[in-house]
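In my numbering, the protein residues as written are -3 to 273.
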């Protein structure tokens, strides 16, 4: 059957949606509400078309009976939201710069949800402007559960319009303008890209292969997809990977209150590790 003739079932049943929710929670810790029904249908129906499968039940059964299938990564990629931009939540970066200025030597950052690279690149620019160029290899560890967005981050190619909010000096120092058919694109300069290490990582993994300890960890607009139990678990693990006085940057809508344990709120969704290590 050719792809254009394949008819995907219209809508997704309550039982199928419940199964999707269970599987994505088990694999990625993401909590899907019933309000996400249309999003789930639209994104997974593309996978069904690509695979030549007409029903969600068949697709989900294939996942369950093949726990090591490569399709699991595509399933996760499809259901992961990757909204990002350069210097998003811009008030975080002067705080990062001041923190790095006080510490200086061997400053390291982990961006736990790097998406297509705008966040780690923004952090790398901030460190370059504050501490000078990196001379000892990567100082930004950039991870994400979604392999597709990571490949875009590693390539370092963006639309010219994506860097509209950067200064003329930042554009000149850190990006190269394309020519000809690529004139509407820019590429991150190699020196800056070399200061970032990209790697796939699931925050639910029992172990994280990251070069801790870090001076700062970015986990912005990620915790909102997890339940409280998972949030508490991750906060404890982040605390163990930060240097004393290290910073945890979270999203503007993420508030943890008394459950943050080792952290105290510094302000503007930035937490500082308060315990002595």
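For each residue, glycine too, the CB sits at the ideal point set by N, CA and C.
Which residue comes first and which comes last in the beta strand (DSSP E) that contains residue i?
i           : result
residue 14  : Run containing residue 14: none in the beta strand (DSSP E); it sits in the alpha helix (DSSP H), 10 to 24.
residue 139 : 136 to 140
residue 154 : 153 to 155
residue 252 : Run containing residue 252: none; DSSP gives neither H nor E here.
residue 105 : 105 to 107
Checking 8 Å against the spacing of the C-beta atoms, do residue i and residue j come in under that value?
i           : j           : result
residue 206 : residue 237 : yes
residue 215 : residue 138 : no
residue 44  : residue 53  : no
residue 222 : residue 27  : yes
residue 121 : residue 188 : yes
residue 143 : residue 196 : yes
residue 136 : residue 119 : yes
residue 40  : residue 74  : yes
residue 42  : residue 8   : no
residue 89  : residue 162 : no
residue 259 : residue 104 : no
residue 200 : residue 24  : yes
residue 65  : residue 59  : yes
residue 30  : residue 19  : no
residue 264 : residue 21  : no
residue 181 : residue 174 : yes
residue 114 : residue 80  : yes
State the DSSP-derived secondary structure class of residue i, mapped to helix, strand or coil.
i           : result
residue 261 : strand
residue 279 : Here the chain has residues from -3 to 273 only, and residue 279 is not among them.
residue 229 : helix
residue 7   : coil
residue 266 : strand
residue 34  : helix
residue 213 : strand
residue 234 : helix
residue 222 : coil
residue 246 : strand
residue 131 : coil
residue 125 : helix
residue 111 : coil
residue 27  : coil
residue 147 : helix
residue 47  : helix
residue 189 : helix
residue 158 : helix
residue 163 : coil
Just list the residues that DSSP pairs residue i with in beta bridges.
i           : result
residue 83  : The partner list for residue 83 (beta bridge, DSSP) is empty, contrary to what the question assumes.
residue 117 : In DSSP, residue 117 forms no bridge with anything.
residue 196 : 140
residue 204 : Residue 204 pairs with nothing; no bridge assigned.
residue 173 : 182
Can you tell me whether residue i is buried or exposed, with buried defined as 16 or more other CB within 10 angstroms of its CB?
i           : result
residue 257 : exposed
residue 244 : buried
residue 217 : buried
residue 192 : buried
residue 101 : exposed
residue 248 : exposed
residue 63  : exposed
residue 96  : buried
residue 140 : buried
residue 94  : exposed
Tell me which residue opens and which closes the alpha helix (DSSP H) that residue i is part of.
i          : result
residue 72 : 67 to 75
residue 52 : 52 to 61
residue 91 : 88 to 99
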